[in-house]
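Below is one structure, written out as structure tokens; the observations come after it.
In our numbering, the protein residues as written are 32 to 650.
See below:
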């Protein structure tokens, strides 16, 4: 027996580290489930749960309504005495639950409404799933577990930087994120320069989805540049003959007598002009005197180019004449579509090429950080005492490796309220633990520790055989046996019977294979025990047997001042006891009515000389 030791350990190590803060105030929204008669098997509100946003603290009170009655189908409709919320499982990592009533035990005959609070922060990936809520209803001594499913959805937490959005910025072990630029050019040229912090870049407004596979912080930057279209250069590649140096004299004409050109210059003096869509002159170049094509104008507007807003624009090519003479129009060319790069126009014998580029108008720079948090490594369990099998009522303390919060499991099921780094084990099962970090990242579940909790042997009975002068027990088979006289063990007395006993007080100890022991009641062997035993032939009968808890106990052949009638379950728990005055009587009829669960019980009759036991089956 080690309860004191294990309670001290539990006090030393049972400390919960939990960064989440959940309100201790509960809201029971009974109005949403009124009238209760509309929910004969129970109901929840809200259903489904409001969405859980990834990485954002979540808190939601769930009101439930409980039925007051249960139709057994066999014995009809019975009242439900109590309902206990035994577990709430399949919650996302980092999300916990609690009841508005200590012990999560409700009494629907008093109130049909209760509340469960679900709260915490999770970084679990977006998904649709269901919480499993298991309750145990109790009626007429029977227990009925029922599970309900409450749908929930985890949604991504979109973040906007101003010039772009990202749908996922935090996660455990890896993050997959989708990005999109939010600023457009509205007709102006626009460029995007993404740097995802993981070695990848992009120039797309909606770049490829990025996956970050290693824990760390990744700065994602986007430079968005809105520009103007600009005319940066014009080249006149060829011109027609529609130019002259003197009025009426084309410069390619020759003197009919001398055979020489009539003009001093043999090439036009070319310059260009640019007009906007309102026919306003926005640029005029200097003329290039007496130069054959091609003629280049590469430094338009001192290198700043001509800003092109809404089209069309017109590029006109001229030949400059002497002062006072009109310039010669060599051609006009419309620019409607602003195609970046080199463009060509031709008409009436003149050909030009021109280049459209861009110049920055507005620049945006924004950054968002992607955080990938590591999940804790798989925890291990330390059995403080090292015992893997204990007796009922004893305890084992299991300790987990460090984490920020903990969830313990028994046989794969989450243990309600077991969120410390240690677990006090009092029942058989396979125990495992999962730890959660401060970032709500969950570890793999640990390997299981198997603990077996053994019951005790049945209560030993002792009877005396006066003919053979021996003490014996008829329920000691299969156990280690030790007889005691007046509280001291009898050396070598390890059989189901003990011959030639002396007078005194005897007890019998039965021990099972796990070292769990039980002692019989004391049996007094006196000088008259043998005589009484020879003269009397005691017996007890149960009728009916099996029964539903109501039966008659018939006792015959007993002569004693005091008779003790007791009933125990197979674990030795006493469920009934009464005493009879046997003076002057040898036969008794005793009606008994019990309100106990179905099972096998032992009915014992004890006097100062005898212990007689019968098996009772309650069905």
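C-beta atoms are modelled at their ideal positions from N, C-alpha and C, and glycine is treated no differently.
Compute the Euclidean distance between the alpha carbons of residue i and residue j, then round it to the nearest angstrom.
| i | j | result |
| --- | --- | --- |
| residue 119 | residue 183 | 13 angstroms |
| residue 586 | residue 635 | 11 angstroms |
| residue 430 | residue 458 | 16 angstroms |
| residue 545 | residue 486 | 9 angstroms |
| residue 126 | residue 132 | 19 angstroms |
| residue 57 | residue 129 | 10 angstroms |
| residue 350 | residue 387 | 24 angstroms |
| residue 556 | residue 526 | 18 angstroms |
| residue 40 | residue 462 | Because residue 40 carries a pLDDT of 27, less than 50, the predicted location of this residue cannot be relied on, and the following value inherits that uncertainty. The straight-line gap from Cα to Cα measures roughly 18 angstroms. |
| residue 400 | residue 157 | 19 angstroms |
| residue 55 | residue 424 | 33 angstroms |
| residue 358 | residue 394 | 43 angstroms |
| residue 144 | residue 53 | 21 angstroms |
| residue 581 | residue 642 | 23 angstroms |
| residue 451 | residue 411 | 14 angstroms |
| residue 231 | residue 398 | 15 angstroms |
| residue 440 | residue 608 | 39 angstroms |
| residue 532 | residue 597 | 26 angstroms |
| residue 503 | residue 135 | 48 angstroms |
Here's a check: name, in chain order, each residue in its chain whose Cβ is nearer than 6 angstroms to the Cβ of residue i, leaving out the five neighbours to either side.
| i | result |
| --- | --- |
| residue 46 | Since pLDDT at residue 46 reaches only 28, below the 50 mark, its modelled position is unreliable, and the value read off the structure follows with that caveat. Contacts found: none. |
| residue 254 | 224, 396 |
| residue 577 | 648, 650 |
| residue 329 | 264 |
| residue 269 | 324, 382 |
| residue 228 | 249, 250, 251 |
| residue 306 | 312, 345 |
| residue 515 | 538 |
| residue 572 | 585 |
Report whether the distance from the Cβ of residue i to the nearest heavy atom of the ligand GDP is below 7 angstroms.
| i | result |
| --- | --- |
| residue 89 | The ligand GDP is absent from the structure shown, which contains no ligand whatsoever. |
For a test of the three-state rule: what should DSSP assign to residue i, helix, strand or coil?
| i | result |
| --- | --- |
| residue 396 | strand |
| residue 64 | helix |
| residue 132 | coil |
| residue 612 | strand |
| residue 333 | helix |
| residue 283 | Interpretation of residue 283 is limited by its pLDDT of 49, a score under 50 that renders its predicted location unreliable; the figure taken from the coordinates is listed afterwards. DSSP places residue 283 in coil when its eight states are reduced to three. |
| residue 69 | helix |
| residue 571 | strand |
| residue 388 | strand |
| residue 579 | coil |
| residue 533 | coil |
| residue 150 | strand |
| residue 274 | coil |
| residue 553 | coil |
For residue i, which residues in the same chain have their Cβ closer than 7 angstroms to its Cβ, ignoring the five residues on either side in sequence?
| i | result |
| --- | --- |
| residue 84 | 186, 188 |
| residue 490 | 549, 551, 599, 603, 633 |
| residue 445 | 118, 120, 438 |
| residue 92 | 57, 58, 146, 148 |
| residue 566 | Residue placement at residue 566 is poorly supported in this model, since its pLDDT is 42, which falls under 50; the coordinates are not used for a value here. |
Check whether the Cβ atoms of residue i and residue j lie closer than 8 angstroms to each other.
| i | j | result |
| --- | --- | --- |
| residue 223 | residue 236 | yes |
| residue 243 | residue 206 | yes |
| residue 122 | residue 147 | no |
| residue 300 | residue 321 | yes |
| residue 517 | residue 534 | no |
| residue 166 | residue 200 | no |
| residue 102 | residue 140 | no |
| residue 113 | residue 192 | no |
| residue 208 | residue 240 | yes |
| residue 214 | residue 194 | yes |
| residue 626 | residue 172 | yes |
| residue 621 | residue 583 | yes |
| residue 336 | residue 392 | no |
| residue 384 | residue 374 | yes |
| residue 594 | residue 644 | no |
| residue 347 | residue 360 | yes |
Report all residues from its chain with a CB closer than 8 angstroms to the CB of residue i; omit the five preceding and five following residues, and keep chain order.
| i | result |
| --- | --- |
| residue 317 | 302 |
| residue 79 | 181, 182, 183, 184 |
| residue 601 | 486, 489, 630, 631, 632, 633 |
| residue 74 | 64, 95, 96 |
| residue 77 | 63, 91, 93 |
| residue 510 | 488, 541, 542, 543 |
| residue 579 | 649, 650 |
Check your understanding: If we count Cβ pairs, one from each stretch, closer than 8 angstroms, do we get three or more for the segment 257-267 versus the segment 402-413?
Key -> no
Review point. Touching or not, the segment 541-549 and the segment 516-525, by the rule of three or more beta carbon pairs under 8 angstroms?
Key: no
Exercise for review: For the segment 75-89 and the segment 414-421, state whether three or more C-beta atom pairs, one from each stretch, are separated by less than 8 angstroms.
Suggested key: no
Review point. Below 8 angstroms, can you find three or more Cβ-Cβ pairs linking the segment 457-472 to the segment 486-497?
Key: no
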